[in-house]
Amino acid sequence: MSTPDEDEPGSDALWGAKAIAKFLGLNVERLYSLADEPDCPIGRPSGRYFARKSELREWLRKK
20 MSTPDEDEPG SDALWGAKAI AKFLGLNVER LYSLADEPDC PIGRPSGRYF
70 ARKSELREWL RKK
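For any residue, its number in the working numbering is found by taking its place in the sequence shown, counting from 1, and adding 19.
#1: Taking 8 Å as the limit between beta carbons, can you name the residues of its chain near Trp78, skipping five residues before and five after?
#2: Leu53 lies in the alpha helix (DSSP H); which residues open and close that run?
#3: Whose C-alpha, out of Arg80, Val47, Ser73 and Lys81, is nearest the C-alpha of Ser30?
#4: For Gly62, list the residues DSSP reports as bridge partners.
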């Protein structure tokens with residue numbers, strides 16, 4: 020099931036580990052490890068991985 024904003028062109032939202040991993044160019048296992056880091060902007064608000072592209076870009080710039 021997708022969220023309404025998820026599939027809109029230009030949407031900032033990424034739902035699901037696969038989508039976030041693809042955006043970051045990582046495999047899903049690495050994403051799971053990354054999501055456990057305290058400063059990582061990847062969350063699980065409803066049990067499903069969620070991130071905003073803009074927050075991920077900013078976080079990566081600071082690393």
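Note that the Cβ used here is the ideal one computed from N, Cα and C, for glycine as well.
For this structure:
#1: Reading the sequence shown from its first residue, position 59 is the one you call residue 78. Taken in chain order, the residues that qualify are Asp58, Cys59 and Pro60.
#2: The residue given as residue 53 occupies position 34 in the sequence shown. Where Leu53 is concerned, the enclosing alpha helix (DSSP H) stretches over Val47 to Ala54.
#3: In the sequence shown, residue 30 corresponds to position 11, counting from 1. Considering only alpha carbons, the answer is Ser73.
#4: The residue labelled residue 62 in the question sits at position 43 within the sequence shown. Answer is Phe69, bridged to Gly62.
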